[in-house]
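For the sequence shown, my numbering gives the first residue as -9, with consecutive numbering after it. Where a beta carbon is used, it is the ideal one built from N, C-alpha and C, also for glycine. Following: one structure in structure tokens, then a few remarks.
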Amino acid sequence: MSQASGGPLVPATLRGHFWVGSETRATDAGTVPFGQMYVEWESPARETGQLPVVLVHGGGGQGLDFLQTPDGRPGWAPLLVAAGHPVYVVDRPGHGRSPHDPNVLGPMAPSMPIESWLDVMLPEAFAPLRTQWSGAREVEDPVVRHLTSSSGPMLADWEQMHLLEQRRLAELLDRIGPAILICHSAGGPAGYLATDARPELVRALVAVETIGPPFLKRPGVSLDWGLACAPLVFDPPATRASELRLSIDGTGPVPLVLQEEPARRLPNLARVPIAVVTGEASAFTLFDGHLMAFLEQAGCDAELLRLERHGVRGNGHMMMLEANNVEVLGVILYWLERNALAA
């Protein structure tokens, strides 16, 4: 807030919240909401002409990942507002302030154990490169406990989860108009699918270490459509994922799975510039090239942003919460300045 010479207080930013998704379901007890998605927004009090940014969290986390770092510094959301962007931070359906009702959303998968969380976020093999993490790689570490306290399970049915997230993000875009999507980790499929559904409303897609590699298969998760468990629009059309003919190169540490040539294109995603962002101290460096190869084969305009190549060193999977989160965001903003259209 600011006050000019005894005049009224003038807020520097405006903020609020709402939910998207007005669907309901009938239960034995009556009518209940279905799959609503919480959206927290903040924008400069004065119009800046900058595009809105939608932030989509990963894993079983919530939008809090973008609000503040564990040591109390501003997260990417307030930093983007300070840069002039209206910002919309979502809690994906069933996470955070988007309530999970198992009677209508279905069962949850088991929560990720903290030990497994550490393996993903802070892989031991990359410890020599990891310099930006503010805590220790221990179950009892306060930073680890802080972050895992905000994380919960995900829906057991990933295809239905991805379809629901696609609908809700599309509804949000319908409401706010053209925007930039920044999606992290398990929030990546929601971003790809929403872009596929509303390419005319997505000015750029920033994929921050999104779940992969393409066509990933592991217990409970099968990215049968390459980037998601739910269908994407291909050309020529594919009505079933089994119609995508695949080739597998198993010579590297992570198998490279691509379409057989001639490959189907992703015509909607091809309309939107995509940045693939990877930290130096992350296991995602083992397969970010796989994602690039898949996107390029499908006709997409994608660019790989390896942070260390831009002078930003030592980052892992939770780069938005690390000591140099401002510098990481700076790399993304520079790319957006060159690739996203003006509002």
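When C-alpha distances from Ala180 are compared across Gln156, Arg120, Val129, the shortest belongs to Gln156. DSSP, read as helix, strand or coil, puts Gly20 in strand. With a cutoff of 8 Å on beta-carbon distance, Tyr28 and Val80 are scored as near each other. The continuous stretches of alpha helix (DSSP H) do not include Met27, which lies in the beta strand (DSSP E) extending over residues 27 to 34.
Scanning the stretch 49 to 118 from its first residue to its last, the whole alpha helix (DSSP H) runs of 4-plus residues come out as 66 to 72, 92 to 95, 104 to 111.
Linking Asp91 to His85 through their CA atoms gives a straight-line distance of about 11 Å.
If you draw a straight line from the Cα of Gly304 to the Cα of Ala117, it is about 9 Å long.
Distance from the CA of Glu190 to the CA of Pro168, rounded to the nearest whole angstrom, comes to 7 Å.
The alpha-carbon of Phe274 is positioned some 20 Å away from that of Ser124.
DSSP, read as helix, strand or coil, puts Trp325 in helix.
Three or more beta-carbon pairs separated by less than 8 Å are not found between the stretch 97 to 110 and the stretch 281 to 292, which leaves the two stretches without contact. Under the three-state reduction of DSSP output, Asp131 falls in the coil class, being neither helix nor strand. Check the Cα spacing between Arg5 and each of Val46, Ser12, Ala231, Pro68: the tightest is with Pro68. Less than 8 Å separates the beta-carbon of Ala184 from that of Ala160. Assigned with DSSP and collapsed to three states, Leu213 falls in coil, not helix or strand. Around the CB of Ile170, 16 or more other CB atoms lie within 10 Å, so the residue is classed as buried. Between Ala16 and Ala187, the alpha-carbon positions lie close to 27 Å from each other. When DSSP reads this structure, Thr3 sits in a beta bridge with Pro34.
Here Phe8 is bridged, per DSSP, to Val29.
Contact between the stretch 258 to 277 and the stretch 305 to 322 is present: 3 or more CB-CB pairs across the two stretches fall below 8 Å.
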